[in-house]
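Going left to right, the sequence shown walks through residues 1242 to 1702 as my numbering numbers them. The beta carbon of each residue, even a glycine, is placed where N, CA and C say it ideally should be. Please read all numbers here as calculations on a predicted model, not as lab measurements.
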Amino acid sequence: MTDLSRRQILQAAGAAVMPAGLSGAASQPSESLRIAPFRIDVTPPQGHGCCGGWIRPIEAVDDTQEAIGYVLLGAGKPVVVCAVDWTGLLNRTHLLWRTAMADAAGTTPDRAAVQCVHQHNAPFACLDTQRLIDEQGDLPNTMLPEFFADCLQRLQVAIREAITKAVPVTHIASGSGTVREVASNRRINLDQDGRIISMRGSSCRDEALREMTEGLIDPQLRTVAFCNGEQKIVCCHYYSVHPMSYYGDGRASSDFPGLARKRRQQEFPGTTQIYFTGAAGNIAAGKYNDGSPEMRQILADRIYAGMALADKALTPRPVESVDWKTAEILPAARAVPAAETLAEQISDRTRSTVGRNRPAFELAWKQRVESGLPIVLSSLNINDICMLHLPAESFIEYQLRAQQIGGDRFVAVAAYGDGGPWYIPVRPAWPQGGYEVSVAFSAETVDDELTAGIRRLLAVN
Ligand SMILES: [Zn+2]
C-alpha cells in the first residue's frame, strides 16, 4: 500500500497537480460484509481562516470538529464514506481527500465519498484557491496546506487501524422522524414580479421575515443503521438545513447538528454516529433562530429529537444486496464574470476580503472545469435503501426530486460533496435572483446535468 505523503500533498497544494501512483493494493474477501468506522479530530489551529477567510479566524474552541466515516468491506472493492465538520472541500482538494481515504482502504477514489456538514467557523478547503490567494501576499488564508496534509495523514492512519477491527454487517435498517422548528426556506420573500427581496438566513432578527411561512423544506430526518444482528454499529443521519446557529466569532464548533450527534454518541458509545447535511442550499434555521447563544442548544435538542424518533422507526432487515454506483457530471462555468475580471478583482486592494477571496474560489472553479475534472456523484444502495452523495450547495428541490425518482425506495441524501460550484439552484430560481443565484458558479444547465446524474444513480438495473 502506498502512502499519500506530506510532500505529495504539499506539492499538490503548490503546483496544483494530483499526486500519482496512489492506487490501492489490499483486496478484501467478498464472502462477508463488514464495516470499519473511523474518526479523527479536524479542529483547525489558532489563526486558521474560516469560511473562505472573510470572517474572524479561529481564536478558541467551543467544541471539536470531526471527520467521521466508515469503510464497507466485502462488496467488491472497499467503499469509504465520510462526513467532515468543515464549510466545504472543493475541486482537486475534494479529490485529494477521497484519494487519501481510498488509498488507505485499498480501493479507488471513485469508491470514496466525502461530504461536509458545512459549519462556517471552519475551513473552506480549496488548495487551488489558496494558491491564488497566496500569490497576493496580503489576503487571509482559507486552507493551510500543512494542516490539510496533517489531517489526511491522520485520516489514513485511522482508516488503516479501523480496518483491522472491522465488524460484520448482517442487517440494515432505515427510519425517519419529523424535525420540528429547525428548517425553513431562505428564499421566501419575493416581490410581485417573483424577484427575491431579501433572504432569511441562518439567523434572522427581522420579525416580519420570521413570521412568513416555512416554505419548501424536507422536514424528515432520515437514519440508516448498519447492524451486526441487533447491534447498531454505524448510524448515519441525514437532515437538510444550513448547520449554523450563529458564527463569525472565531470559535470552532460542530454547531447544533454536531452537538446533537455528540450527545447521541455519548449515550450510545457502541454505535458510531455520523451526521450528513442534505441538500440545503436554500434552507436555513432563520424562521426559528434569532441568533442568540441559547438557540444553539435548543436547535441541537430539536435535531436530537428527530434522531431519537428516526431511531425508534428502525427495523433491521437482512442485507440482500449491496451496490455502489457513480455518475460523473461536468457542468459548465457561468460565462460572466470572465476569468480576467476575476483575476482583476482578486488583486484589487481597494476591495473587501470577501470581494477578493470569493473571486479566487470562482476562478479556481473555472480553471477546474477547463481542466476537465468531473464532479463524481455516488450512491450506496443496500436492499431498497439508497444513500445518495450530491455536490456543493444543492437546493432542496434536488433532494425532493431524488425521493420522487426513488419511488418506494428509502432515499437519504447527503449534499456538500465536491463544493467547487458553490450554490446549485434549480432552473426556476435564476430569474428570481437573490444571493444564492448571485454566487452560483455554474451555468443554468447545471440543473439538467445534476438531475440526469441523479436519475442515473437511481436507475433500477
Ligand atoms: Zn451555505
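{"query": "Can you tell me whether residue 1561 is buried or exposed? The criterion is at least 16 other CB atoms within 10 Å of its CB, across all chains shown.", "result": "exposed"}
{"query": "Using the C-alpha atoms, what's the distance from residue 1475 back to residue 1468?", "result": "7 Å"}
{"query": "So, residue 1276 versus residue 1408, is the Cβ gap smaller than 9 Å?", "result": "yes"}
{"query": "Just grab the DSSP bridge partners of residue 1409 for me.", "result": "1275"}
{"query": "What separation, rounded to the nearest whole angstrom, lies between the Cα atoms of residue 1551 and residue 1317?", "result": "30 Å"}
{"query": "In this structure, what does DSSP give as the bridge partners for residue 1356?", "result": "1324"}
{"query": "Examine ligand 1 and report whether any of its heavy atoms sits within less than 8 Å of the Cβ of residue 1289.", "result": "no"}
{"query": "Determine whether the Cβ of residue 1317 lies closer than 9 Å to any Cβ atom of chain D.", "result": "Protein chain content of the structure displayed is limited to a single chain, and chain D is not contained in it."}
{"query": "Would DSSP call residue 1765 helix, strand or coil?", "result": "Outside the shown range of the chain, which is 1242 to 1702, sits residue 1765, and nothing can be said about it."}
{"query": "Can you have a look at residue 1701 and say buried or exposed, based on whether 16 or more other CB atoms are within 10 angstroms of its CB?", "result": "exposed"}
{"query": "Can you tell me whether residue 1496 is buried or exposed, with buried defined as 16 or more other CB within 10 angstroms of its CB?", "result": "buried"}
{"query": "For residue 1468, report the span of its beta strand (DSSP E) as first-last.", "result": "1461 to 1469"}
{"query": "Is residue 1634 near ligand 1, in the sense that its beta carbon is under 8 Å from a heavy atom of that ligand?", "result": "yes"}
{"query": "Any chance the CB of residue 1522 is under 8 Å from a heavy atom of ligand 1?", "result": "yes"}
{"query": "Quick one: complete beta strand (DSSP E) runs, 3+ long, within the region 1590 to 1646?", "result": "1616 to 1623 and 1626 to 1630"}
{"query": "Would you say the beta carbon of residue 1359 is closer than 8 Å to some non-hydrogen atom of ligand 1?", "result": "yes"}
{"query": "Shortest alpha-carbon distance to residue 1669 belongs to which of 1436, 1364 and 1379?", "result": "1436"}
{"query": "Mapping the DSSP letters down to three states, classify residue 1391 as helix, strand or coil.", "result": "helix"}
{"query": "In whole angstroms, what is the alpha-carbon distance linking residue 1243 and residue 1344?", "result": "Bear in mind that a pLDDT of 41 at residue 1243, under 50, signals an unreliable position, so the model cannot answer this."}
{"query": "Using three-state DSSP, classify residue 1520 as helix, strand or coil.", "result": "coil"}
{"query": "Report the residue from 1373, 1493, 1617 and 1662 whose alpha carbon sits nearest the alpha carbon of residue 1351.", "result": "1617"}
{"query": "So is residue 1662 buried or exposed if we call it buried at 16+ other beta carbons inside 10 Å?", "result": "buried"}
{"query": "At which residues does the alpha helix (DSSP H) containing residue 1688 begin and terminate?", "result": "1687 to 1699"}
{"query": "Within a Cβ cutoff of 6 Å, which residues of the same chain sit near residue 1258, ignoring the five residues on either side of it in sequence?", "result": "For residue 1258, the predicted model reports a pLDDT of 34, less than 50, meaning its position is unreliable; a value from the coordinates is still stated below. Excluding sequence neighbours, residue 1258 sits near nothing in its chain."}
{"query": "Going by DSSP, what residue range makes up the alpha helix (DSSP H) through residue 1564?", "result": "Residue 1564 -> not in any alpha helix (DSSP H); beta strand (DSSP E) instead, spanning 1563 to 1570."}
{"query": "Is it buried or exposed, residue 1271, if we count other Cβ atoms within 10 angstroms and call 16 or more buried?", "result": "For residue 1271, the predicted model reports a pLDDT of 44, less than 50, meaning its position is unreliable; a value from the coordinates is still stated below. Label assigned to residue 1271: exposed."}
{"query": "Contact check, residue 1470 vs residue 1411 under 8 Å by CB: the rounded distance?", "result": "6 Å"}
{"query": "May I have a chain-ordered list of the alpha helix (DSSP H) segments no shorter than 4 residues that lie completely inside the region 1479 to 1511?", "result": "1496 to 1508"}
{"query": "In chain order, what residues of the same chain lie with their CB nearer than 7 Å to the CB of residue 1688, ignoring the 5 residues before and after it?", "result": "1667 and 1668"}
{"query": "Going by C-alpha to C-alpha distance, which of 1577, 1563, 1673 and 1545 sits closest to residue 1606?", "result": "1577"}
{"query": "Does the distance between the C-beta of residue 1483 and the nearest non-hydrogen atom of ligand 1 fall short of 8 Å?", "result": "yes"}
{"query": "Evaluate residue 1603 with the Cβ neighbour count: other Cβ atoms within 10 Å of its Cβ, from every protein chain shown; 16 or more gives buried, anything less gives exposed.", "result": "buried"}
{"query": "Taking the beta carbon of residue 1438 as the centre, do at least 16 other beta carbons fall within 10 Å, making it buried, or is it exposed?", "result": "exposed"}
{"query": "Could you give the distance in angstroms between the alpha-carbon of residue 1677 and the alpha-carbon of residue 1657?", "result": "15 Å"}
{"query": "So what's residue 1307 in DSSP terms, helix, strand or just coil?", "result": "strand"}
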